[in-house]
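One point on numbering: in the numbering used here, the residue at position 123 of the sequence shown is 126, and numbering is uninterrupted.
Structure first, then comments.
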Amino acid sequence: SKDHVEELASILDGFEVKTRVEGREPFFTITGKYKVIDLTIASTGIGAPSLALALEEYVRLGGRVFIRVGFGTGLQSRLSLGDVVLVSSAIRADGTSRHYAPIEYPAVASYELIWYAKELFKTYTRIYDHEMRYHVGLAVSLDVLVGLEDVMRTWAKADALIADMETSTLYTLSSIKRLKSLSILVVDSSIPHGIMPGDLERSIERAGYTKKINDRLLVASKLAAEVLVRIREEYRYQKEVEERVREQHS
């Protein structure tokens, strides 16, 4: 949402805002400089069609590495509200991704992004927040989450950790277009614990959970920005090595 974009931009230490673009709802972007990278923070709306439209536009503007941070519905009892899932791959149970590739085409995260994310989350939880738990695993992307509890239980039996509406399209498009991408999801509802999507927003008694979940979303977003910094540093190092090798053989 626009509020999350604004809040993240305000808490990134040293983030220098260059432009704000408030287009048609739900799209809103802030672009600036964060450490060694040019960074765009954007809202992409709800669902795969909206994400696909946004991704196509950002690619045309030069975007090559994308990390989506959002919410998802936990499918396993070991996942609690506020847990974070680094999605390694996604079941393509949505409709949008099928317009881009046959259903046999896999939807997988970029290896480098998930490796750096895992290392950063491991360090953060060990040093700063022992209560924050993260998981790495499979998601299922559906066209809608409300009313499909039985469908999600079926995918839970196949060891899907979490359900959302966008990840499979993000990964499918990224692979086809040779982009790097990662989806990081914060659990805001849970099928095994009987907390359906939207329940927390309607419950005054669970307001504390809502704050915890939103706080985790911001932490996950900050760590996602650090992943992008690591990727940029790795790319720069590789270029330096290549240049030295060429000089030695010239």
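Beta carbons: idealized from backbone N, C-alpha and C, even for Gly.
Every value quoted in this text rests on a predicted model; they were computed, and no experiment measured them.
- Here residue 35 is not near residue 190, since their CB atoms are 9 Å or more apart.
- For residue 95, the enclosing beta strand (DSSP E) has its first and last residue at 87-95.
- From the listed residues 186, 183 and 168, the smallest Cα separation to residue 200 is found for 168.
- C-alpha of residue 135 to C-alpha of residue 39: approximately 28 Å in a straight line.
- The residue among 80, 7 and 149 with its C-alpha nearest the C-alpha of residue 48 is 7.
- In the three-state reduction of the DSSP assignment, residue 134 falls in the coil class, being assigned neither a helical nor a strand state.
- With a cut-off of 8 Å on Cβ pairs, the stretch 56-66 is not in contact with the stretch 130-146, counting fewer than three such pairs.
- If you draw a straight line from the Cα of residue 252 to the Cα of residue 239, it comes to about 20 Å.
- Taken in chain order, the whole alpha helix (DSSP H) runs of length 4 or more contained in the stretch 100-156 are 114-130.
- Inclusion of residue 103 and residue 176 in the CB contact set at 9 Å is warranted, their separation being smaller than that value.
- DSSP, reduced to helix, strand and coil, places residue 180 outside both helices and strands of the structure shown, so it counts as coil.
- DSSP places residue 232 within a helical segment (H, G or I) once states are collapsed to three.
- Per DSSP, residue 41 is one residue of the beta strand (DSSP E) stretching across 40-46.
- Contact annotation: residue 224 and residue 72 have beta-carbon atoms nearer than 9 Å.
- Pairing residue 221 with residue 14 gives a Cβ-Cβ distance under 9 Å.
- Judged by beta-carbon spacing, residue 164 lies beyond the 9 Å limit of residue 54, meaning their Cβ atoms are not closer than that value.
- Out of 113, 80 and 98, the CA that lies nearest to the CA of residue 92 is found in 113.
- Just so you know, the alpha carbons of residue 107 and residue 141 end up roughly 16 Å apart.
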